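Peer 1:
2 protein chains.
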Amino acid sequence: MTDVSERLATEERFLDAAERLLIRVGYANISTRRLAEEAGANHGLVHYYFGSMEQLLIRVLERFTERLIARQRAMYAADAPFIEKWRQAMSFLDEDLDSGYEKIWFELQALAWNRPELQGRLIRVRRQWTEVLIEAFQRGCDEYELDTNRFPVEALAALAGTFNEGIILNRLSGVHEGHAALLEMVDRWLVSLEEAKASRRRDHESPVP
Amino acid sequence: MTDVSERLATEERFLDAAERLLIRVGYANISTRRLAEEAGANHGLVHYYFGSMEQLLIRVLERFTERLIARQRAMYAADAPFIEKWRQAMSFLDEDLDSGYEKIWFELQALAWNRPELQGRLIRVRRQWTEVLIEAFQRGCDEYELDTNRFPVEALAALAGTFNEGIILNRLSGVHEGHAALLEMVDRWLVSLEEAKASRRRDHESPVP
DNA sequence: AGTTGTATTAGTCAATTGACTAAGCCACAC
DNA sequence: GTGTGGCTTAGTCAATTGACTAATACAACT
Chain U
375 MTDVSERLAT EERFLDAAER LLIRVGYANI STRRLAEEAG ANHGLVHYYF
425 GSMEQLLIRV LERFTERLIA RQRAMYAADA PFIEKWRQAM SFLDEDLDSG
475 YEKIWFELQA LAWNRPELQG RLIRVRRQWT EVLIEAFQRG CDEYELDTNR
525 FPVEALAALA GTFNEGIILN RLSGVHEGHA ALLEMVDRWL VSLEEAKASR
575 RRDHESPVP
Chain R
375 MTDVSERLAT EERFLDAAER LLIRVGYANI STRRLAEEAG ANHGLVHYYF
425 GSMEQLLIRV LERFTERLIA RQRAMYAADA PFIEKWRQAM SFLDEDLDSG
475 YEKIWFELQA LAWNRPELQG RLIRVRRQWT EVLIEAFQRG CDEYELDTNR
525 FPVEALAALA GTFNEGIILN RLSGVHEGHA ALLEMVDRWL VSLEEAKASR
575 RRDHESPVP
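Protein chains in written order, with our numbering: chain U, 375 to 583; chain R, 375 to 583.
1) Along the stretch 457 to 476 of chain U, what residues have a CB closer than 7 Å to any CB found in chain R?
2) Counting only C-beta atoms, is R/Thr-376 closer than 8 Å to chain U at any point?
3) By how many angstroms is the C-alpha of R/His-553 removed from the C-alpha of U/Ala-402?
4) Do the stretch 454 to 465 of chain U and the stretch 560 to 573 of chain U touch if we need at least three Cβ pairs shorter than 8 Å?
5) Please return the same chain residues whose Cβ sits closer than 6 Å to the Cβ of R/Glu-393, not counting the five positions on each side in sequence.
6) Please report how far the alpha carbon of R/Phe-388 lies from the alpha carbon of U/Phe-424, in whole angstroms.
7) Once DSSP output is grouped into helix, strand and coil, what is the label at R/Gly-552?
8) May I have the straight-line CA-CA distance separating U/Thr-504 from U/Ala-510, to the nearest angstrom?
9) Suppose only complete runs of 4+ residues qualify. What are the alpha helix (DSSP H) ranges in the stretch 461 to 528 of chain R, listed by chain order?
10) Could you spell out where the alpha helix (DSSP H) holding R/Tyr-450 opens and where it closes?
11) Return helix, strand or coil for U/Ser-573, following the three-state DSSP convention.
12) Can you tell me where the alpha helix (DSSP H) holding U/Ala-410 begins and where it ends?
13) Under three-state DSSP, which class holds U/Ala-454?
14) Go ahead and pull the three-state DSSP assignment for U/Gly-535.
15) Just to check my reading of the structure: U/Ser-547 and R/Ile-497 have Cβ atoms closer than 8 Å, yes? What is that Cβ distance to the nearest angstrom?
16) If you draw a straight line from the alpha carbon of U/Glu-519 to that of U/Lys-571, how long is it in whole angstroms?
17) Hey, how far is the Cα of R/Ala-529 from the Cα of U/Ala-555?
18) Check each candidate in R/Ala-484, R/Arg-574 and R/Glu-386 and name the one with the smallest Cα separation from R/Glu-517.
19) Kindly list the residues whose CB is nearer than 6 Å to the CB of U/Leu-482, restricted to its own chain and excluding five residues on each side of it in sequence; keep chain order.
20) Hey, does R/Gln-483 have any beta-carbon neighbour from chain U nearer than 8 Å?
21) How would you label U/Tyr-422, buried or exposed, when you count the other beta carbons within 10 angstroms and need 16 or more for buried?
22) So U/Thr-536 and R/Phe-537 are supposed to be a Cβ contact under 8 Å. How far apart are they, rounded?
23) Using a 10 Å radius around the Cβ and a threshold of 16 neighbouring Cβ atoms, would you call R/Gly-540 buried or exposed?
24) Can you name the residues of chain R whose CB is closer than 9 Å to the CB of U/Gly-425?
25) For U/Gln-429, tell me which candidate among U/Arg-501, U/Ala-486, U/Asp-521 and U/Asp-577 has the shortest Cα-Cα distance.
26) Which residues in the same chain as R/Glu-385 place their Cβ atom closer than 6 Å to its Cβ, once the five residues preceding and following it in sequence are excluded?
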């Protein structure tokens, strides 16, 4: 292994360790020494590699959000019926809670609330996410021939995005009530949209005899 | 002023100062000395009055959530059309962001993610809030004669609760896009429910001649 | 006025923090 | 084999932390 790639590997170990600590103890309880111990490296390296604890957390935020957006994009870009994508997105909810993925994301957000220099980065990620959502929902609206006056795409995307984060927030606090009922309701609504469209097709192709 | 009430007043000053600091710098940046300075009191009193910083924050959480629930209860318990209550709840969204109310609530939540001893308290608050919401939405469903098979009350309450918190989360990060469109969409939906009910009344009272 | 007990203050304490550095290490080029 | 250049280590530094305490101020009661 060359020096360069070795150093990069160690940096990765630091970033991985930071994510694990975000999950386990939260951003407020990460110190250079604790982080170095978790990464199995010397605490002086935090300063040598990243300049400061703050810079390191910025790197964590960057790497994490890149992955987040990439996954969202990949999922919604797939050429599948909208309802399938939706169901996959909802299944991610459970996976991500178990994996601690959500905890990382929310800890980074909580950190950014009090660090103006991180806010911009967070806003950019949210915008990208919104773009992906809007594009996906646009295709969904087309697929279901939805009345976009009653259901504007941005409103639907905002609804999906916000209730999604609301659910995560509840789960992080240990509350799970009502979520299953909610997801079922939405699923039924999507199914009914499919059926409505199908029945419109039937009416059109073979009007009442 | 008696000793007792003076002490209580000073305790209140500490709790108020803690709320201000939660808004301004977040839970991770509150120390006993900084808090005491903000409260205009001696830092030794934190230990003398509250035992520890942790206990003090628990007191902040208790006082805050009591007020939160009381307000929610008062609003939804009022004898007014459902849409009026809804609009008032939505107008709180803006007020609370400006006042910093939301920031306090979310900082306390972020704190609780990493303090198991606070989780239980948070869960209880969320349950109470859900109860209030479900009761209000039950009345709303009755008012609009909504089909509770398609729209179960718990699902609607969960939807309202989660997207509400999602919106707050977005705003705390400085993102406001799509919220207006979303709230308009919901408002239009409620209006359409009222009209649907009115038209059902008309059809019933004077069937097609 | 004197006693008593609580409220309040200033200050101490060990522990921990982020930032930084001197010293040595080690792989590689020459 | 001998520099040479970075990598890595252990350790230093002042600052800050939460917890705690001795000393004092003060109010209420006798």
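Ideal placement from N, C-alpha and C gives every residue a C-beta, glycine not left out.
Small disclaimer: the values here were computed from a predicted structure and weren't measured.
Peer 2: Once the coordinates are examined:
1) Correct list: empty, as no residue qualifies.
2) Taking the first residue of the second sequence as 1, we reach residue 376 of chain R at position 2. Model confidence at R/Thr-376 stands at a pLDDT of 47, short of 50, so the residue's coordinates are unreliable; what they give is reported in the following sentence. It does not; no Cβ of chain U falls within 8 Å.
3) Numbered from 1 along the first sequence, position 28 holds the residue referred to as residue 402 of chain U. Numbered from 1 along the second sequence, position 179 holds the residue referred to as residue 553 of chain R. The straight-line gap separating the alpha-carbon atoms of U/Ala-402 and R/His-553 is approximately 31 Å.
4) Under the three-pair Cβ rule at 8 Å, the stretch 454 to 465 of chain U counts as touching the stretch 560 to 573 of chain U.
5) Numbered from 1 along the second sequence, position 19 holds the residue referred to as residue 393 of chain R. Within its own chain, the residues whose Cβ lies closer than 6 Å to the Cβ of R/Glu-393, once the five positions on either side in sequence are excluded, are Ile-478, listed in chain order.
6) The residue given as residue 388 of chain R occupies position 14 in the second sequence. The residue given as residue 424 of chain U occupies position 50 in the first sequence. When rounded, the distance between both Cα atoms is 38 Å.
7) The residue given as residue 552 of chain R occupies position 178 in the second sequence. Note: R/Gly-552 maps to coil in three-state DSSP.
8) Start at 1 with the first residue of the first sequence, and residue 504 of chain U comes out as number 130. Start at 1 with the first residue of the first sequence, and residue 510 of chain U comes out as number 136. Whole-angstrom Cα-Cα distance: 10 Å.
9) At a cut-off of 4 residues, the continuous stretches assigned as alpha helix (DSSP H) that sit fully inside the stretch 461 to 528 of chain R are 475 to 487 and 490 to 518.
10) Locating residue 450 of chain R in the second sequence gives position 76, where the first residue counts as 1. DSSP places R/Tyr-450 in the uninterrupted alpha helix (DSSP H) bounded by 427 to 451.
11) In the first sequence, counting from the first residue as 1, residue 573 of chain U sits at position 199. Reduced to three states, the DSSP call for U/Ser-573 is helix.
12) Stepping through the first sequence from its first residue, residue 410 of chain U is reached at position 36. 406 to 413 is the span of the alpha helix (DSSP H), which, as asked, contains U/Ala-410.
13) Locating residue 454 of chain U in the first sequence gives position 80, where the first residue counts as 1. Looking at U/Ala-454 - three-state DSSP - the assignment turns out to be coil, as it is neither helix nor strand.
14) Looking up residue 535 of chain U in the first sequence gives position 161. In this structure, U/Gly-535 counts as helix in the three-state DSSP scheme.
15) Reading the first sequence from its first residue, position 173 is the one you call residue 547 of chain U. Reading the second sequence from its first residue, position 123 is the one you call residue 497 of chain R. The pair is a contact, with the Cβ atoms about 6 Å apart (cut-off 8 Å).
16) Here residue 519 of chain U is taken as the residue at index 145 of the first sequence, counted from 1. Here residue 571 of chain U is taken as the residue at index 197 of the first sequence, counted from 1. Rounded to whole angstroms, U/Glu-519 to U/Lys-571 spans 7 Å at the Cα level.
17) Translated into the one-based positions of the second sequence, residue 529 of chain R becomes position 155. Translated into the one-based positions of the first sequence, residue 555 of chain U becomes position 181. Going from the Cα of R/Ala-529 to the Cα of U/Ala-555 covers about 5 Å.
18) Mapped onto the second sequence, residue 517 of chain R falls at position 143. Of R/Ala-484, R/Arg-574 and R/Glu-386, the residue nearest in Cα terms is R/Arg-574.
19) Numbered from its first residue, the first sequence carries residue 482 of chain U at position 108. Contacts found: Leu-435.
20) Residue mapping note: residue 483 of chain R aligns to position 109 of the second sequence, counting from 1. Residue contact with chain U for R/Gln-483: present (Cβ-Cβ distance below 8 Å to some residue of chain U).
21) As a working mapping, residue 422 of chain U is identified with position 48 in the first sequence. With fewer than 16 Cβ atoms within 10 Å of its Cβ, U/Tyr-422 is classed as exposed.
22) Counting from 1 along the first sequence, the entry for residue 536 of chain U is found at position 162. Counting from 1 along the second sequence, the entry for residue 537 of chain R is found at position 163. Correct: roughly 4 Å between the Cβ atoms.
23) Counting from 1 along the second sequence, the entry for residue 540 of chain R is found at position 166. A buried status is given to R/Gly-540, since no fewer than 16 other beta-carbon atoms sit within 10 Å of its beta-carbon.
24) For the purposes of this step, residue 425 of chain U is taken as the residue at position 51 of the first sequence. Chain-ordered listing is empty here: chain R has no CB closer than 9 Å to the CB of U/Gly-425, the nearest sitting near 21 Å.
25) Here residue 429 of chain U refers to the residue found at position 55 when the first sequence is read from its first residue. The shortest Cα separation from U/Gln-429 among U/Arg-501, U/Ala-486, U/Asp-521 and U/Asp-577 belongs to U/Ala-486.
26) Mapped onto the second sequence, residue 385 of chain R falls at position 11. Excluding positions up to five away in sequence, the list reads Tyr-423.
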